[in-house]
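Trainee: Quick one: the structure is below, questions incoming.
There are 2 protein chains.
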Amino acid sequence: MDSIKQFQEKIESELKSIQYGSNPKELYEPIEYIMSLGGKRMRPVLVLMACDFFGGDVNKAIHPSIAIELFHNFTLVHDDIMDNAPLRRGNKTVHEKWNNNIAILSGDAMIVKAYQEICKTNSEILPTLLNIFSDTAIKVCEGQQMDMNYEKLTKVSILQYIKMIELKTAVLLAGALKIGAIIGKAKEEDANALYEFGKHIGIAFQLQDDILDVYANAEKFGKQKGGDIIANKKTYLLLKAMEMAENNRYMKEELQQWIAAPHFNAAEKVEAITSIYNFLNVKELARNEMKKHYDIAIKSLENIPVAEIKKKELVDFADSLMVREI
Amino acid sequence: MDSIKQFQEKIESELKSIQYGSNPKELYEPIEYIMSLGGKRMRPVLVLMACDFFGGDVNKAIHPSIAIELFHNFTLVHDDIMDNAPLRRGNKTVHEKWNNNIAILSGDAMIVKAYQEICKTNSEILPTLLNIFSDTAIKVCEGQQMDMNYEKLTKVSILQYIKMIELKTAVLLAGALKIGAIIGKAKEEDANALYEFGKHIGIAFQLQDDILDVYANAEKFGKQKGGDIIANKKTYLLLKAMEMAENNRYMKEELQQWIAAPHFNAAEKVEAITSIYNFLNVKELARNEMKKHYDIAIKSLENIPVAEIKKKELVDFADSLMVREI
Numbered sequence: 363m364d365s366i367k368q369f370q371e372k373i374e375s376e377l378k379s380i381q382y383g384s385n386p387k388e389l390y391e392p393i394e395y396i397m398s399l400g401g402k403r404m405r406p407v408l409v410l411m412a413c414d415f416f417g418g419d420v421n422k423a424i425h426p427s428i429a430i431e432l433f434h435n436f437t438l439v440h441d442d443i444m445d446n447a448p449l450r451r452g453n454k455t456v457h458e459k460w461n462n463n464i465a466i467l468s469g470d471a472m473i474v475k476a477y478q479e480i481c482k483t484n485s486e487i488l489p490t491l492l493n494i495f496s497d498t499a500i501k502v503c504e505g506q507q508m509d510m511n512y513e514k515l516t517k518v519s520i521l522q523y524i525k526m527i528e529l530k531t532a533v534l535l536a537g538a539l540k541i542g543a544i545i546g547k548a549k550e551e552d553a554n555a556l557y558e559f560g561k562h563i564g565i566a567f568q569l570q571d572d573i574l575d576v577y578a579n580a581e582k583f584g585k586q587k588g589g590d591i592i593a594n595k596k597t598y599l600l601l602k603a604m605e606m607a608e609n610n611r612y613m614k615e616e617l618q619q620w621i622a623a624p625h626f627n628a629a630e631k632v633e634a635i636t637s638i639y640n641f642l643n644v645k646e647l648a649r650n651e652m653k654k655h656y657d658i659a660i661k662s663l664e665n666i667p668v669a670e671i672k673k674k675e676l677v678d679f680a681d682s683l684m685v686r687e688i
Numbered sequence: 363m364d365s366i367k368q369f370q371e372k373i374e375s376e377l378k379s380i381q382y383g384s385n386p387k388e389l390y391e392p393i394e395y396i397m398s399l400g401g402k403r404m405r406p407v408l409v410l411m412a413c414d415f416f417g418g419d420v421n422k423a424i425h426p427s428i429a430i431e432l433f434h435n436f437t438l439v440h441d442d443i444m445d446n447a448p449l450r451r452g453n454k455t456v457h458e459k460w461n462n463n464i465a466i467l468s469g470d471a472m473i474v475k476a477y478q479e480i481c482k483t484n485s486e487i488l489p490t491l492l493n494i495f496s497d498t499a500i501k502v503c504e505g506q507q508m509d510m511n512y513e514k515l516t517k518v519s520i521l522q523y524i525k526m527i528e529l530k531t532a533v534l535l536a537g538a539l540k541i542g543a544i545i546g547k548a549k550e551e552d553a554n555a556l557y558e559f560g561k562h563i564g565i566a567f568q569l570q571d572d573i574l575d576v577y578a579n580a581e582k583f584g585k586q587k588g589g590d591i592i593a594n595k596k597t598y599l600l601l602k603a604m605e606m607a608e609n610n611r612y613m614k615e616e617l618q619q620w621i622a623a624p625h626f627n628a629a630e631k632v633e634a635i636t637s638i639y640n641f642l643n644v645k646e647l648a649r650n651e652m653k654k655h656y657d658i659a660i661k662s663l664e665n666i667p668v669a670e671i672k673k674k675e676l677v678d679f680a681d682s683l684m685v686r687e688i
């Protein structure tokens, strides 16, 4: 795991050295701001790890890794407008600190900046990297739109939900790994295997997040317990519970009442819905689904002709992130 | 000018054949919608013309020309949110027809789609095209932010204004021409000369637009006469008048009163401000500034080793667009 720290330092040092621009400051200050709010830099680390995984020169992967981080932060800026979110990593969101228009426009500029970082790559593999990057970016947009659509639907199937989190969250991890793999001169099939690893790890992460919202030790998890329940967020747990309650009139009504209630005691709502979850055993079902994707992820690595110790590093990193922040 | 019609048809036919995507429809329908609202396709035509200008194969310029049109339309979608504009080309704007979130997200997807179109180019010149494209895109964002900033300032210098319209409007014409030139295998200096042509023609266009708002035959121009005056839009005319009125207390006060008035008779306001413009002769000054940029544009073509007849085609096309729509 020492190398991961080194990777993180490399990324932080590169991020510190970037001059996004200065004029007009209303365009560039929000970019500096959001990029400096930190986070674990998980996605750019994945780019470097994937490159290193195939014995590549990680210095060649730095700019594309920054591109991924810029793109990720652009999605945060625009998603926060759409979600009307006041806080991001404990600080004001860009549209709160400035305004919506500035958040829209600086987000736009970040997409372009991301492409500029990718374009600093050796031109031989540039078209391939750009294809992966754009394909990933479009999928993330699709996932965000699906998420917005599903908020307004009363019924969302588990299949739809898994597809949505795959697009909104998982493919960016997958794309980051594939880009790193290509820079590390991986064969296409091996780069694709790493993409599959990232995709299924990403889905497993999100499912873990859904479970932890309800069942985590709140202090350790660092978020309000049951925040998703309070906000009626359509998590795997809620969707599964709704699906199972279809055949149980009493339970269905109770769920619906809590979801529709305009005023409620938050702790009471969390407790009531958690009881339903417990009764229906949805935690176990969510864990099974998570385990399924985790296992597919691990299996994806099987046929890659790389030393087991390298695979272990990658899996350990993924495991270390399983608790939060995806 | 026959070739221009052919170019337009080529572009329309390509636009008709594009499948942007289908799922989720809330992401893709707005893209189909805004791209089908038409317009003269001036920017993609410039890409093809510039390629043809240097004897290049215009078929190789089609995808990059679509990229420019996609980018232009993305700016319309996001600018319309920022400006709170209800109509675009006589139809509802995307955020009006759907909502702000959908307009933000489908605009984002359009940037990515634009890059995907650029990336369909022969990989040898791809890095060069991408550099021009991204550089142009960032400048357009800067120009839009400046425009938003200037709306809130009481004082904007003519120099600031010219810089703003250069970035917001003119560089996209310039970038379109330079991209076409590179595809047409122009030497760098010749491609840059065409860029300068586009930039100064673009500035001249915007100044012409400012003049026409007040002095055009309203029917021919197709817009409400004095629309900029009614909206207190900081055009060259208004900024120049404000600058000149600095030394004339009576005129300064009258201008300020009209600008600050919460309620007014539109026709009266247009007439009063037009009288000030006439008194200060700002129309003539605007025409001089326009002429200056037009002349620089024409002069930029001078040293390009291309037949005069080809240059005339380009200038004729620019002239034909001088009346509207930039």
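So the sequence lines, in the order shown, correspond to chains A and B. Mapping the first sequence onto our numbering, position 137 (from 1) lands on 499, and the numbers just tick up by one. Mapping the second sequence onto our numbering, position 175 (from 1) lands on 537, and the numbers just tick up by one. Note that beta-carbon positions come from the ideal geometry of N, C-alpha and C, so glycine has one too.
Below 8 Å on C-beta distance, what does proline 386 (chain A) contact in chain B?
Mentor: In chain order: Glu504, Gln507, Met508 and Asn511.
Trainee: Between isoleucine 520 (chain A) and chain B, is there a C-beta pair that is closer than 7 Å?
Mentor: Not one chain B Cβ lies under 7 Å of isoleucine 520 (chain A).
Trainee: Does the contact criterion of 3 or more C-beta pairs under 8 Å hold for the stretch 441-448 of chain B versus the stretch 480-497 of chain B?
Mentor: No: the two stretches stay apart, fewer than three of their Cβ pairs being nearer than 8 Å.
Trainee: Could you pull out every residue in the same chain whose Cβ sits closer than 6 Å to the Cβ of lysine 673 (chain B), ignoring the five residues on either side in sequence?
Mentor: Here the set comprises Leu663.
Trainee: Quick one: what's got a C-beta closer than 7 Å to leucine 529 (chain A)'s C-beta in the same chain, skipping five residues either side?
Mentor: For leucine 529 (chain A), where only same-chain residues beyond five positions count, the Cβ hits under 7 Å are Lys501, Val502, Glu504, Gly505 and Met508.
Trainee: Threshold first: 4 residues or longer. Then list the alpha helix (DSSP H) segments lying entirely within the stretch 448-499 of chain B, N to C.
Mentor: Runs of the alpha helix (DSSP H) inside the stretch 448-499 of chain B: 456-459 and 462-480.
Trainee: Quick check on DSSP: helix, strand or coil for isoleucine 688 (chain A)?
Mentor: With a pLDDT of 33 at isoleucine 688 (chain A), under the threshold of 50, the predicted position of this residue should be treated as unreliable, though the coordinate-derived value follows. Isoleucine 688 (chain A) falls in the coil class under three-state DSSP.
Trainee: Cβ of isoleucine 380 (chain A) less than 7 Å from any chain B Cβ?
Mentor: Output row for isoleucine 380 (chain A): interface = no.
Trainee: With C-beta atoms as the reference, is tyrosine 577 (chain A) less than 7 Å away from alanine 603 (chain A)?
Mentor: No, Cβ-Cβ distance for tyrosine 577 (chain A) and alanine 603 (chain A) is not below 7 Å.
Trainee: Evaluate arginine 451 (chain A) with the Cβ neighbour count: other Cβ atoms within 10 Å of its Cβ, from every protein chain shown; 16 or more gives buried, anything less gives exposed.
Mentor: Exposed, because fewer than 16 other Cβ atoms sit within 10 Å of the Cβ of arginine 451 (chain A).
Trainee: Is the distance from the Cβ of alanine 536 (chain A) to the Cβ of lysine 517 (chain A) below 7 Å?
Mentor: Not a contact, by the Cβ cut-off of 7 Å.
Trainee: Since tyrosine 477 (chain A) meets chain B, which of its residues come closer than 8 Å, beta carbon to beta carbon?
Mentor: Within chain B, the residues near tyrosine 477 (chain A) are Tyr477, Leu492 and Ser496.
Trainee: Spell out a yes or no on whether the stretch 409-421 of chain A and the stretch 387-396 of chain A are touching, meaning 3 or more CB-CB pairs, one atom from each, closer than 8 Å.
Mentor: No, they do not touch.
Trainee: Are leucine 408 (chain A) and alanine 607 (chain A) closer than 7 Å when you measure CB to CB?
Mentor: It is not a contact, given that the beta carbons lie outside the stated cut-off.
Trainee: Report the CB separation of methionine 652 (chain B) from glutamine 570 (chain B) in whole angstroms; it is logged as a contact under 8 Å.
Mentor: Right, the Cβ-Cβ distance comes to about 6 Å (below 8 Å), so this counts as a contact.
Trainee: Near isoleucine 688 (chain A), what residues of its chain come up, given a Cβ to Cβ distance below 7 Å and the 5 sequence neighbours on each side ignored?
Mentor: Below a pLDDT of 50, predicted positions are generally treated as unreliable, and isoleucine 688 (chain A), at 33, falls in that range; the measurement from the model is reported next regardless. These residues qualify, in order along the chain: Thr531, Gly564, Phe567, Gln568 and Asp571.
Trainee: Leaving out five residues before and five after isoleucine 380 (chain B) in sequence, what residues of the same chain have Cβ atoms less than 6 Å from its Cβ?
Mentor: Correct list: empty, nothing qualifies.
Trainee: Looking at phenylalanine 369 (chain A): is its Cβ nearer than 7 Å to the Cβ of alanine 543 (chain A)?
Mentor: No; because the gap between Cβ atoms is not below 7 Å, this pair is not in contact.
Trainee: What do you reckon, are the CB atoms on alanine 634 (chain A) and tryptophan 620 (chain A) nearer than 7 Å?
Mentor: Going by C-beta atoms, alanine 634 (chain A) is nearer than 7 Å to tryptophan 620 (chain A).
Trainee: Given a limit of 7 Å on CB to CB distance, which residues of the stretch 389-413 of chain A reach chain B?
Mentor: Going along the stretch 389-413 of chain A in chain order, one finds Leu389 with a Cβ nearer than 7 Å to chain B.
Trainee: Residues of chain A with CB under 7 Å from asparagine 463 (chain B), in chain order?
Mentor: Chain A residues near asparagine 463 (chain B): Met444 and Met510.
Trainee: Tell me which residue opens and which closes the alpha helix (DSSP H) that lysine 387 (chain B) is part of.
Mentor: Element bounds for lysine 387 (chain B): 387-398.
Trainee: Isoleucine 541 (chain B) to asparagine 594 (chain A), Cα distance in whole Å?
Mentor: Going by the C-alpha atoms only, they are around 49 Å apart.
Trainee: At a Cβ threshold of 7 Å, is isoleucine 466 (chain A) touching chain B?
Mentor: Answer yes: the Cβ-Cβ gap between isoleucine 466 (chain A) and chain B drops below 7 Å somewhere.
Trainee: Quick one: what does DSSP say glutamate 664 (chain A) is sitting in, helix, strand or coil?
Mentor: Of the three classes helix, strand and coil, the one that applies to glutamate 664 (chain A) here is coil, per DSSP.
Trainee: Within the same chain, show all residues whose beta-carbon is closer than 6 Å to that of aspartate 590 (chain B), passing over the 5 residues directly before and after it, in chain order.
Mentor: If we look at aspartate 590 (chain B) and ignore the five residues flanking it on each side, its Cβ neighbours are Asp575 and Thr597.
Trainee: In chain A, which residues lie less than 9 Å from histidine 625 (chain B) when you measure between Cβ atoms?
Mentor: Ordered by position in chain A, no residue passes the 9 Å Cβ test against histidine 625 (chain B), which lies about 26 Å from the chain.
Trainee: Which class does lysine 631 (chain A) belong to by DSSP, given the choice of helix, strand or coil?
Mentor: Looking at lysine 631 (chain A) - three-state DSSP - the assignment turns out to be helix.
Trainee: I want to verify the contact list: residues of chain A whose CB lies under 7 Å from the CB of proline 489 (chain B), in sequence order.
Mentor: Those are Cys481, Ser485 and Leu488, listed as they occur along chain A.
Trainee: Find out if the Cβ-Cβ distance for the pair isoleucine 466 (chain B), isoleucine 466 (chain A) is shorter than 7 Å.
Mentor: Against a cut-off of 7 Å, the Cβ pair of isoleucine 466 (chain A) and isoleucine 466 (chain B) comes out as a contact.
Trainee: Taking C-beta pairs closer than 7 Å, name the residues in chain B that alanine 471 (chain A) reaches, listed in chain order.
Mentor: Here the neighbours are Ile500 and Cys503.
Trainee: Against histidine 457 (chain B), what residues of chain A qualify as contacts under a CB-to-CB distance less than 9 Å, listed in chain order?
Mentor: None at all; the shortest Cβ gap to chain A is about 11 Å.
Trainee: Here's the rule I'm using: 16 or more other beta-carbon atoms within 10 Å means buried, otherwise exposed. How should serine 637 (chain B) be labelled?
Mentor: It is exposed - the Cβ of serine 637 (chain B) has fewer than 16 other Cβ atoms within 10 Å.
Trainee: Alpha carbon to alpha carbon, how far is asparagine 462 (chain A) from valine 456 (chain A)?
Mentor: Whole-angstrom Cα-Cα distance: 8 Å.
Trainee: Can you give the Cα-Cα distance for aspartate 681 (chain A) and alanine 648 (chain A), rounded to whole angstroms?
Mentor: The straight-line gap from Cα to Cα measures roughly 17 Å.
Trainee: Determine the extent of the alpha helix (DSSP H) in which proline 406 (chain A) is found, giving its start and end residues.
Mentor: Here the alpha helix (DSSP H) through proline 406 (chain A) covers 404-415.
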